[in-house]
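Peer 1: Protein chains in written order, with this note's numbering: chain A, 1 to 449; chain B, 1 to 510.
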Amino acid sequence: MCRLNPFLLLGFFSILLTNINASDQKILPYPISQYKLANGLNVVTVPFDSPGLASFYIVVRVGSRNEVESGVTGFAHFFEHMMFRGTDKYPREEYNSVLKMTGAGANANTSLDRTIYHMTGNVDYLEKMFELESDRFMNLHYPEHDFKVEAGAVKGEYTKNFANPYQRLYESLLNTAFDVHTYKHTTMGFFNDIVDMPNQYEYSLKFFDRYYRPEYSTIVVVGDVTADEVNALADKYFSEWKAGNYTVAIPPEPEQTEKKTVHLQDGSIPPYLSLNYKGPAFSDSKIDMAALDVLSTLLFSENSDLYKKLVVEEQKLRFLGGGAMNSRDPYLINIQASFISKDDFQYVRDEITKAIDHIKTNGVSQKILDETKSNLKYSYAMSIDNPDAIANSLCHFIYLTGDPESLNKFYALYDKVTNEDIKMVANKFFNDSGLTIATISADEIGGVK
Amino acid sequence: MKALIISILLTGFIMAQQVVELKQPNSSKMVVKFMFKNGSVCDPQGKEGLTYTTSQLINQGGTGELTFSDIQDKIYPMAASYFSTVDKEVTIFTFLFHKDWLEQFYPIMIGLITNPSLNQSDFDRVKNNQQAYVDQVIRASSDEEYSKKALEDFLFRGTNYQHMVEGKTASAAAIILDDVKNHYKNFFTKNNLMIGIAGDYPDSFLEKLKSDIEKLPDTKPAIPAPPVVKMPDGIEVEIISKEGAFGSAIFTGYPLSITRADDEFAALMVANSYLGEHRKSYAKLYQVIREQRSMNYGDYSYIEWYHNGGGNMVPPSGVPRQSNYFALWIRPVQIAKQLKMQYEELKDVNVGHAHFALRMALREMDKMIKNGLSEEDFEATRAFLKSYIRLYIKSPDQQLGYLMDSKMYGRDNYIEELSELLSDLTLEDVNNAIKKYMQIYNMKITIVTDVSEAQPLAESLKNNTISPMTYSNLVKAGLSEDILSEDAATENFKLNVKIVTVVDSKDTFK
């Protein structure tokens, strides 16, 4: 098919947003089309004004959370690498050549709860993208030697990450904060397991068989497409995909009952403190996570009282930030601070606690509550200026709940957050019994109470 | 094209009131950029980092009417944001806001640019962070970024491109508030400014902006010329020895005489993409080093500065440069200490994979130089690029940025023109460009590695010692004949190494 080159027209992307603070307005100003195949695969389409361009995403609801067996931490991420190792129809070199032909930007990434595969490129090649993806999702077949070799690339990734002290602290933080839940390890996995990965070929076959199934996956297409076109392609290329029946039992984390600490002795970077409170699992119907987002935004934004005092006026801190991460199971609410001097660790910890305690009792003003809701919505509206950004944000909510409409539902929840909700979540989650304090300094111990 | 640009530069780079417009009637997002032709090349000697301090103080400070915190209060419900970036030759302030807030945000934006408060308290805050970056963060947070900045320090030594935009330990410490005030007056002027605006805005908005920007200083800035760097004589290696490094992070580079301004750049782009397209598995370096041998996370080549390669999948705008260089990025490979710990069968290795990886990268490049691209590789790579360059301008911010950069290179719309240049290319053009601009004999190399690895690696490089690839037994057992014979040809591939020095990490960027 020959098309005019639409990319050369100025102003080809548009963002249509009106009445952003109107409570009846969905945060995503484009309709979300959903189409479910008989095998359980959900197909999500959002037409968007990006002439000639489409983003094609597959989100698989498997991440390091699913790594329940010992010795195989980091496997969801490793498996993401293996998905680029070819099939009988498209061996690795052939896959690379065809992908190159499409001119798409293609990659993948893994996190706690999901693995995302994505391609963004010329919409003329959308069918080729469907064909390539359906082939590897249904027929992945890599030689055992390739499997062993690829493990080296994962070790290379760990090696580059390990240079960063914050990464090293994060690894220890999770290992300390969690006792039994799989959030205990990072998505990279424990280093010993990474070194052992070449020995896990058989497990990799089992992993593919368990999780790379339609019921775990959702296709998301955003851009210069119609739902009919996308659904027809999904029918053509994915209807033969067989559903599985595996369900994983994630060990629930027992309630934390006392404060924990973890410290990294490293004087090579500015002193650092993070306060990590056990938070809630994501929900698009319960108010907790929405209220926590509002609370952490107003507590740690650059206009917050804490930021003004500690960063701007007293200049004790270089940086202050915080928020709760969305995850399927309860994870951490993280507050981070980078210091001028480690001597201020305790002072800053106390000031943060004081600010939270104040809210526990007194709540916040209606003005700051309204402004914060406005901030959250405008932030989102400003972020969705291209098809990739929209696809990514849909995938975020799909991996959390399985439903892309959770995006609209969750932003609608912000409107419902009241001062009482703010006080409720401050009291419920910001307690020392659920806290892990993590520090980096040149000292042997962190010393923060 | 090139001659034209040079003549403009010599006559003082006419940019006053240059405006790039990108009208987007359906968009509610506004992007406004102020690009000053004033980068780190303008830093005075002994005060390297001053342009960065100035831009940060504008960005992190207030206006004549509002403090930094006042501004944060006002923009909070708007979720408006702004930031500055400094490169060697330009400083850019980018403002992002929703058109609902056009009127409310405007005075803040124009106030920050034309009437920044530049006070001592904000200065102390900004300067403290800058000092921490040059003293600590660059050395400690990413060995890859460290080796990249160290390469620029090495390749451009003695020129105004040498120092990081954030400066050096001593120079950052020497900057005082009065320096910033003077620098603002002398270099952030209406005579070296380009304005970029994208979104759905009334003409009156732009007219007011053009009128108010006249309040900028009217100084005629004395912009120093970018350096012309001599080709190194042979391969010179600087190994940075660092306590506790987990791998060897490698960057190499040599000066390149062409830029985007030259039409021939498109031909070189095809060759570079074939050899080492950034983060792409279809490129040769990636295939031989990562995919076939899994020595690291990736291996790429560049024909222009690529900002934050670890974070960006496509090249960001806002870094136009006249002094250009070719680079190879070999991501951290294993060191001997780690290999010994991980595999019993490798307990006797003395040097990790850095020497072999360098040989493999340069040998692969050498093959391309000697053989050129085939017709098939040429067509495939060109087709890829013709689609892929569209992804550089996915968002309005990127579109505007690329249009503004185009002007810096004397072009009207680089992406559009590049597309045409790619269409017109022949295989012969590409292979001629390879012969003309690519070589493996003269370059500078920086390697950030562990103290245990530095000296043995230095000896190995200096003596051109044979460096067999060391695999674990598990992987070794399945290697094909092809891989083994390539390895055998690589392990003693001669590198034109002339000088190898080992530098203590503590002594870099002083």
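All C-beta atoms, glycine included, are put in the ideal place defined by N, C-alpha and C.
Note that this is a predicted model, so its numbers are computed, not measured.
Would you say residue 150 of chain A reaches chain B, if we count a Cβ-Cβ gap shorter than 8 Å as a contact?
Peer 2: yes
Peer 1: Cα separation between residue 194 of chain B and residue 260 of chain B?
Peer 2: 19 Å
Peer 1: Looking at the strands, I want to know which residues DSSP matches up with residue 33 of chain A.
Peer 2: A/45
Peer 1: How about residue 416 of chain A and residue 219 of chain A: are their beta carbons less than 8 Å apart?
Peer 2: no
Peer 1: Under three-state DSSP, which class holds residue 13 of chain A?
Peer 2: In this prediction, residue 13 of chain A has a pLDDT of 34, which is less than 50 and means its spatial position is unreliable; nothing more can be read from the coordinates.
Peer 1: Any contact of the segment 432 to 441 of chain A with the segment 272 to 282 of chain A, i.e. 3+ C-beta pairs under 8 Å?
Peer 2: yes
Peer 1: Name, going along the chain, the residues of the segment 404 to 421 of chain A whose beta-carbon falls closer than 9 Å to a beta-carbon of chain B.
Peer 2: Taking 9 Å as the cut-off between beta carbons, none of the residues of the segment 404 to 421 of chain A comes near chain B.
Peer 1: Is the Cβ of residue 208 of chain B closer than 8 Å to any Cβ of chain A?
Peer 2: No, because no Cβ of chain A sits closer than 8 Å to the Cβ of residue 208 of chain B.
Peer 1: Taking only beta-carbon positions, decide if residue 105 of chain A is within less than 8 Å of chain B.
Peer 2: yes
Peer 1: Inspect the CB distances between the segment 424 to 431 of chain B and the segment 45 to 52 of chain B and report whether three or more fall short of 8 Å.
Peer 2: no
Peer 1: How would you list, in chain order, the residues of chain B whose beta-carbon sits under 8 Å from the beta-carbon of residue 195 of chain A?
Peer 2: Proximity of chain B to residue 195 of chain A at the Cβ level (cut-off 8 Å) is accounted for by 342, in chain order.
Peer 1: Give the list of continuous alpha helix (DSSP H) stretches no shorter than 4 residues that lie fully inside the segment 328 to 375 of chain A.
Peer 2: 345 to 362
Peer 1: For a contact meaning CB atoms closer than 8 Å, what does residue 371 of chain A contact in chain B?
Peer 2: Neighbours of residue 371 of chain A in chain B, taken as residues at a C-beta separation under 8 Å, are given in chain order as 76 and 77.
Peer 1: Just verifying my parser: in three-state terms, what is the DSSP assignment at residue 389 of chain B?
Peer 2: helix
Peer 1: Classify residue 260 of chain B as helix, strand or coil using the three-state DSSP reduction.
Peer 2: Reduced to three states, the DSSP call for residue 260 of chain B is coil.
Peer 1: Thinking residue 118 of chain B and residue 30 of chain B are a contact (beta carbons under 8 Å), I'd like their distance in whole angstroms, please.
Peer 2: Their Cβ separation, rounded to whole angstroms, is 26 Å, which puts residue 118 of chain B and residue 30 of chain B out of contact at 8 Å.
Peer 1: I'd like to check one pair, residue 89 of chain B with residue 134 of chain B: are the Cβ atoms closer than 8 Å?
Peer 2: no
Peer 1: According to DSSP, residue 238 of chain B sits in a beta bridge with which residue or residues?
Peer 2: Partner(s): B/446 and B/501.
Peer 1: If you pair each beta-carbon of the segment 53 to 70 of chain B with each one of the segment 123 to 138 of chain B, do three or more pairs fall below 8 Å?
Peer 2: yes
Peer 1: Going straight from the alpha carbon of residue 54 of chain A to that of residue 398 of chain B, what length do you get?
Peer 2: About 17 Å.
Peer 1: Hey, residue 376 of chain A and residue 414 of chain A are a contact pair by Cβ (cut 8 Å); roughly how many whole angstroms apart?
Peer 2: 6 Å
Peer 1: In three-state terms, what does DSSP make of residue 81 of chain B?
Peer 2: strand
Peer 1: Does the segment 347 to 362 of chain B come into contact with the segment 328 to 339 of chain B, if we say contact requires no fewer than three beta-carbon pairs (one atom in each stretch) closer than 8 Å?
Peer 2: A contact exists between the segment 347 to 362 of chain B and the segment 328 to 339 of chain B.
Peer 1: When you compare the CB positions of residue 174 of chain A and residue 184 of chain A, do they come within less than 8 Å of one another, or not?
Peer 2: yes
Peer 1: From the DSSP output, in three-state form, read off residue 401 of chain B for me.
Peer 2: DSSP, reduced to helix, strand and coil, places residue 401 of chain B within a helical segment of the structure shown.
Peer 1: What residues of chain C sit near residue 99 of chain A, judged by a beta carbon separation below 7 Å?
Peer 2: Here the protein chains are A and B, and chain C is not one of them.
Peer 1: Which stretch, first to last residue, makes up the beta strand (DSSP E) that contains residue 323 of chain A?
Peer 2: 317 to 324
Peer 1: Could you round the C-beta distance between residue 26 of chain A and residue 408 of chain A to whole angstroms and report it? I think they count as a contact, below 8 Å.
Peer 2: 4 Å
Peer 1: Is it right to say residue 157 of chain B is buried, meaning 16 or more other beta carbons lie within 10 angstroms of its own, or is it exposed?
Peer 2: Its Cβ having fewer than 16 others within 10 Å, residue 157 of chain B is exposed.
Peer 1: Would residue 94 of chain A be called buried (16 or more neighbouring beta carbons within 10 Å of its own) or exposed?
Peer 2: exposed
Peer 1: In whole angstroms, what separates the C-alpha of residue 423 of chain A from that of residue 434 of chain A?
Peer 2: 17 Å
Peer 1: Answer with buried or exposed for residue 457 of chain B, where buried requires no fewer than 16 other C-beta atoms within 10 angstroms of its C-beta.
Peer 2: buried
Peer 1: Assuming residue 235 of chain A and residue 37 of chain A form a contact by the criterion Cβ under 8 Å, report the distance between their Cβ atoms to the nearest whole angstrom.
Peer 2: 7 Å
Peer 1: Could you give the distance in angstroms between the alpha-carbon of residue 147 of chain A and the alpha-carbon of residue 84 of chain A?
Peer 2: 11 Å
Peer 1: Can you tell which of B/341, B/220, B/240 and B/142 has its C-alpha closest to the C-alpha of residue 308 of chain B?
Peer 2: B/142
Peer 1: Please list, in chain order, the chain A residues whose beta carbon lies closer than 8 Å to that of residue 129 of chain B.
Peer 2: 318
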